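A.B. asks: Okay, handing you the structure first.
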Amino acid sequence: NKLPHDWTQCHFAHEGEVARRRNPALHSANPCAEYEKTGSCARGDRCPFAHGVWERGLHPQRYRTSLCSKGEFCNRKICFFA
Numbered sequence: 002n003k004l005p006h007d008w009t010q011c012h013f014a015h016e017g018e019v020a021r022r023r024n025p026a027l028h029s030a031n032p033c034a035e036y037e038k039t040g041s042c043a044r045g046d047r048c049p050f051a052h053g054v055w056e057r058g059l060h061p062q063r064y065r066t067s068l069c070s071k072g073e074f075c076n077r078k079i080c081f082f083a
């Protein structure tokens, strides 16, 4: 599907996207130590851990499970917090 759509509402990875994310059913919300240290991971998409802030923050194990420090005044386009 090449139709333009709101990526903030889409749960799928898009080629070339900076905020690329994998299917959360295939990895945990815990960070990959190798990715955190080097910015890449030899296991790639087969890695069982989250690669970067987007995969961690949008993972169902974490997404909106703690309160936002800005509360009702939060103006982030995407806020990982409740």
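The numbering of the sequence shown is our numbering, which starts it at 2 and goes up by one. The C-beta atom is built at its ideal place from N, Cα and C for all residues, glycine as well. None of these values were measured; they are calculated from a predicted model.
1) Between the C-alpha atoms of R77 and G53, what's the straight-line distance to the nearest angstrom?
2) Just to confirm, are S67 and A51 a CB contact at a threshold of 9 angstroms?
3) Take H60 and list the residues in its own chain whose beta-carbon comes closer than 7 angstroms to its own, dropping the five residues that flank it on each side.
4) Terminal residues of the continuous alpha helix (DSSP H) containing G58?
5) What residue does the alpha helix (DSSP H) around E35 start on, and which one ends it?
C.D. replies: Quick answer:
1) 18 angstroms
2) no
3) P25, A30 and A51
4) G53 to G58
5) A34 to T39
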